[in-house]
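What follows is a single structure, written as structure tokens, with notes after it.
4 protein chains.
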Amino acid sequence: MVRERIPVGVVGATGVVGQELVRRLARHPWFELVAVAASERSVGRTLGELGGWGEGELPAAIAALAVQPLASSLPASIVFSALDAALAARAEEELARAGGTVVSNASAWRMDPRVPLLIPEVNPEHLALLRRQEFGGGGIVTNPNCCVAGLTLVLKPLHDAFGVEEVMVTTFQAVSGAGYPGVPSLDILDNLIPHIAGEEEKIQSEPAKILGVLTADGVAPTPVRISAQAVRVPVRHGHTLSIALRLGRRVPLEEVRRVLAGWPGASPARGLPSAPARPLEVLEEPDVPQPLRHRDIGGGMTVTVGRLRPCPVWDVRLVAVVHNAVRGAAGAALLNAELLVREGLPQAAQPASRGLWVA
Amino acid sequence: MVRERIPVGVVGATGVVGQELVRRLARHPWFELVAVAASERSVGRTLGELGGWGEGELPAAIAALAVQPLASSLPASIVFSALDAALAARAEEELARAGGTVVSNASAWRMDPRVPLLIPEVNPEHLALLRRQEFGGGGIVTNPNCCVAGLTLVLKPLHDAFGVEEVMVTTFQAVSGAGYPGVPSLDILDNLIPHIAGEEEKIQSEPAKILGVLTADGVAPTPVRISAQAVRVPVRHGHTLSIALRLGRRVPLEEVRRVLAGWPGASPARGLPSAPARPLEVLEEPDVPQPLRHRDIGGGMTVTVGRLRPCPVWDVRLVAVVHNAVRGAAGAALLNAELLVREGLPQAAQPASRGLWVA
Amino acid sequence: MVRERIPVGVVGATGVVGQELVRRLARHPWFELVAVAASERSVGRTLGELGGWGEGELPAAIAALAVQPLASSLPASIVFSALDAALAARAEEELARAGGTVVSNASAWRMDPRVPLLIPEVNPEHLALLRRQEFGGGGIVTNPNCCVAGLTLVLKPLHDAFGVEEVMVTTFQAVSGAGYPGVPSLDILDNLIPHIAGEEEKIQSEPAKILGVLTADGVAPTPVRISAQAVRVPVRHGHTLSIALRLGRRVPLEEVRRVLAGWPGASPARGLPSAPARPLEVLEEPDVPQPLRHRDIGGGMTVTVGRLRPCPVWDVRLVAVVHNAVRGAAGAALLNAELLVREGLPQAAQPASRGLWVA
Amino acid sequence: MVRERIPVGVVGATGVVGQELVRRLARHPWFELVAVAASERSVGRTLGELGGWGEGELPAAIAALAVQPLASSLPASIVFSALDAALAARAEEELARAGGTVVSNASAWRMDPRVPLLIPEVNPEHLALLRRQEFGGGGIVTNPNCCVAGLTLVLKPLHDAFGVEEVMVTTFQAVSGAGYPGVPSLDILDNLIPHIAGEEEKIQSEPAKILGVLTADGVAPTPVRISAQAVRVPVRHGHTLSIALRLGRRVPLEEVRRVLAGWPGASPARGLPSAPARPLEVLEEPDVPQPLRHRDIGGGMTVTVGRLRPCPVWDVRLVAVVHNAVRGAAGAALLNAELLVREGLPQAAQPASRGLWVA
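Residue numbers (my numbering), protein chains in the order written: chain A, 1 to 359; chain B, 1 to 359; chain C, 1 to 359; chain D, 1 to 359.
Next up, the structure:
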């Protein structure tokens, strides 16, 4: 019983998402953080020295981990990647080719036909792609863009029930989504910025893959058309989405509400350590959801929905809040890794007796 | 030459919009502010005592004006109303019945079939309704909701050129739009609120009237369908609109740009003291317009447009910024009053020789 | 064993401090919230209906409590008061005269010579005043102003060790300190306000009483002279204090640091449910404490200290952060009530067997 | 009459202060901006291309100026420097040795005994140091740190009238003081930072030199002792200072007020194009000055003072607001350059007939 938890590593451990991963791994029931890597600037310093942690957030063993340089392997069964997209394209492939199982938050590999773009409550069956990958013994699994995480969780039950044909979405994105140092305060105090590089393209393309059908050739995307406007706003955490939907058929609003409120998510995700009790929560107050008040519901993994109402042009309008750094990034990657483990992947990560660490 | 400027009054002079009206009237070439009225709390105090004015903003004669109680008449040819809607419904009618010409920013009378809902660059011909009004010798003219002012200025040239059939709009509304004290800081610091009472209804209904056709029976609304989501954000001034449009026919994006950028506005508005050189300005930088940087263009009367691009679902997407307190309120009312004067209304306001005060 | 916890009530339960009290009482090991009262507007509605609670914060039994009107008694052994000062003067006296033990956050009775102004880690012996009070069978205990709570916790160990003769303090006060709706967003976005009514007077007078010596005649104030400037800043929670001190004698800075960092607080406070592990925490990073990062340390009950350095004019400069709504209000009142119970007051509150509910 | 205005250049033209200099030079009655230089990144692009300018702020001739690399000379009579201190130490010396007259906002040379640290209303006589400098034909003149500009303008009249012996100051510094990109939004939204590198040292040392006496050997500093705490706050522009003073003798508060309110500044500064009508303005409202409302008074060159009151520990407390980017930087440098020209320095800058460009 020397090893009870699965050894994992984090590359890109010093950014906003990397830090959130470290913080959550520090108290994770299944995973043990044993290695961290980052770009040159931080190499050699310990996580504790790099700081930015709240009181009691890091156990001594984790605070003492020294940052390693990015390399083709880490002594870990699963490697979480919070790298910038520019670095991730190559670094994640190298890690996979060296036999690692990479669970990535980066966008580099999301749309690659061999790579699952995964939300465990939505498309756990896409994980089968991983077994077909040919990166030596390793592989890459990705989670979607932060807005897409929230949007697709809303779309999935409606798509299954009624069909979703067209989507208009305008986002109100928190500054933490831009990382650190990220958005200069002079750009955002008493202001907003109606552009985030690459964001609209991701919002418009990723959901079709996630909602797509697994075939022998890969994933056939669902023909949902999405038009997005991304806007940065002076909010610390929590992306808010203003969404209008054209459904496949006319349905009473109450049926929409019932479908959203009652949705349990796909069964393989249920009970995973990072899975919230409910992936969606429909709020009834007239002026919610709000990022400040609702971003942390379900430990940041629940997407809150409100302002549900008929749309004068299409069928339904609503507002959703998703915690960008949790459900949209670190928590998403963790949940993906938990699904992998439950599904027996990677094999190297399976302890002799799973009973040792499964809650 | 005893009287060179037209005597005007302001009711509701102490709120955010009323103060902006006073500030602009203090240096207006045609109008002379001679009377101010407000609710009980401020009665008897002078504008100077009520404060909130920047250095040098109020000439001594205006600072010395004492606030009068709301009553059925003011000794002025034109009465600007910045009253709350609840008070405005009755107070404005009484002012009109007593012979006053009321130029109102309130929503109370906007949708009344007898009352022009006016943007001088868009529908100056609707002013003809005023002559048909039967409020004794007086009358009521209104300007639209602050978001509608920006939205309709964008829609008008596109509607004339291509037809606008459907509109999706999500707003990012500044706190000054809620007046003072308005939005509590605890509600909006590090937060946003996806609901503003009555706002979406106004955005969805007012443009159809403004873009409508004047007939013998009143205004026949244009059949444009609008779906709106209104959101309060932590910005001081300047509403930002995320807009998607379905046009009457397919047109190349460059034609849309050309129509917006070249639009001069209706000729009766041109050259009025509050009319900006251009009612619309199309910006080319990739991340604009922004409320902080663009709300004051054209003295706050120009609507800036950016992010013009094809919409993956409909035809066009764009972002617009409108200064809510100026083009959306005080400046809108002033421009309406200027149009009235140019059109010879009210007759009492016409000086013996207009040459005396026309610039 | 019908009653295991002490029944308590809250008057002024609907404001920012009252809500924080309710939230903390909802999970308190000793106290059971059985009654809430507030001003007219909320009477008859339940706490759950009044809302503003985060997910899972209120157990059903507490959410179901209906707000009662303010009256001279509540069916509770201890009544917490979060009333405005204007109401508190009379209402708290009536509650006490009716036999209640009032634990108040209001300022009304703080400087009354019969009333203890209490910080359990600083002056628990002042509680003796309560036994001398002549409000019928009841009594009043108060906690200090929110800034004073932080300032006095810093002053106490230094005063005991070296003497503190003069204090200069400038405060950076969070908007939650003004209650709700409190500070209008138009007043504080991109701004600060260098005045808070009554605040400087409290900061300049209350510490001398708290640090004073209990005598047969009451409390003899300590002759410390304090000069304060209070400023409201755009921060949600957490007051920051810039402090300069003239001590009774020259001491090396390291001795000051040692005294602050090692201070355990008075022994009667130790181990109380709301008492933090350390009342003070001295931070060594060069740019701390910061309200966002440090206000929640010790559950909001620890005052963090940083920037400790020699003062070019006096002896020592430092910066402290205190959570205004917790250590400066709700948590302070709770800690006072816990001290009362530990000291056997009020007698009515003592269960047959204290062992039942003491952890 | 080929040359009517004095040709000037700006090094460091692309930062926050450099941009403000360019903006003000674009409409300056005496100076003509003919050359701009900056670090590598911007070289070769025009000011117009670099953007960040509001509508109509840059005349075409200035927008067309291409950024040159930093070099030892610019074809200009006066070179304004808005360089970072690290670059300024060497670059400004080289410019001076090549014969240039450098008017610098950088801190590098401020405390050099040969260099005047100048506020024209306070110590114009220090300009005499420039004639003694031995940097070839050129020379260096500096303006103080942004907080020092505000503090010293307050101290000067009080020092002359009563003596100022000790000063406690806590600053509330706007984010624009850190330049661009400067303060990350994640560090300052809902937060403040009680440390600004090097700031307190400057505030504690520079006023003594500015208030010092010119002797044959240089400037003998005034023995005023200052203790400073610098804090960054979420405000865009305008530093606020909380100041307590120990004066040389007891004086009635009204005398202090009279001295501050009536102070005209040193006569050589009066009437210079950038000199405000009054260098100080004493406000009487109870909750002012505020950075949002008062930073722009006097075109940003007036320091506003409020909350003037007796100090319970020393003699006087007050609050001052200074526009950090104007009176504390760009406007300060301009005013210094104007004083130079009025005093006949540099000789190369004197047109054949001063009447041509003096207003």
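Think of the CB as a built atom: it goes at the ideal place given N, C-alpha and C, for glycine as much as any other residue.
Going by the beta-carbon positions, is the gap between residue i and residue j smaller than 8 Å?
i: L214/B; j: H159/B; result: no
i: L272/A; j: L335/A; result: yes
i: P124/C; j: P268/C; result: yes
i: Q173/D; j: R232/D; result: yes
i: P207/A; j: V259/A; result: no
i: E386/C; j: A230/C; result: Since the first and last residues shown for chain C are 1 and 359, residue 386/C lies out of range.
i: G182/A; j: P184/D; result: yes
i: E134/D; j: W109/D; result: no
Please return the same chain residues whose Cβ sits closer than 7 Å to the Cβ of residue i, not counting the five positions on each side in sequence.
i: G44/D; result: A66, V67
i: A16/D; result: The residue you asked about is not Ala; residue 16/D is Val in the sequence shown. Cβ neighbours of V16/D beyond the five flanking positions: S176, G179, Y180, A325.
i: K156/C; result: V122, L211
i: S39/B; result: L70
So, helix, strand or coil for residue i, using DSSP?
i: G139/D; result: strand
i: E166/B; result: strand
i: T304/D; result: strand
i: I193/B; result: strand
i: V43/A; result: coil
i: A66/B; result: strand
i: T152/A; result: helix
i: E281/B; result: strand
i: A161/B; result: helix
i: S176/C; result: helix
i: S185/B; result: helix
i: A35/D; result: strand
i: I6/A; result: strand
Within its chain, find whatever has a CB closer than 6 Å to the CB of residue i; leave out the 5 residues flanking it on each side and keep chain order.
i: A106/B; result: S81, L83, A85, A88
i: G212/A; result: V219, A220, P221, T222
i: V288/B; result: G306
i: E20/D; result: A325, A330
i: V36/D; result: V10, A13, L65, V67
With a threshold of 8 Å on Cβ separation, who are the neighbours of residue i within its own chain once the five nearest residues in sequence on each side are excluded?
i: R249/B; result: F162, G163
i: G136/D; result: A96, R97, A98, G99
i: L50/A; result: T14, S42, V67
i: R309/D; result: L253, V316, R317, L318
Classify residue i: buried if its beta carbon has 16 or more other beta carbons within 10 angstroms, exposed otherwise.
i: D190/C; result: buried
i: V2/D; result: With a pLDDT of 39 at V2/D, under the threshold of 50, the modelled position of this residue cannot be trusted; read the value that follows with caution. The residue is exposed, with fewer than 16 neighbouring Cβ atoms inside 10 Å.
i: R295/D; result: buried
i: P120/C; result: buried
i: S217/B; result: Just to set this straight, residue 217/B is Asp in the shown sequence, not Ser. Exposed, because fewer than 16 other Cβ atoms sit within 10 Å of the Cβ of D217/B.
i: A26/D; result: buried
i: E285/B; result: exposed
i: E338/B; result: buried
i: S72/C; result: exposed
i: G52/D; result: exposed
i: A275/A; result: buried
Suppose only complete runs of 4+ residues qualify. What are the alpha helix (DSSP H) ranges in the stretch 85-111 of chain B, listed by chain order?
85-97
At what residue ranges does the stretch 219-268 of chain D contain a whole run of the beta strand (DSSP E), taking only runs of 3 or more?
225-232, 239-247
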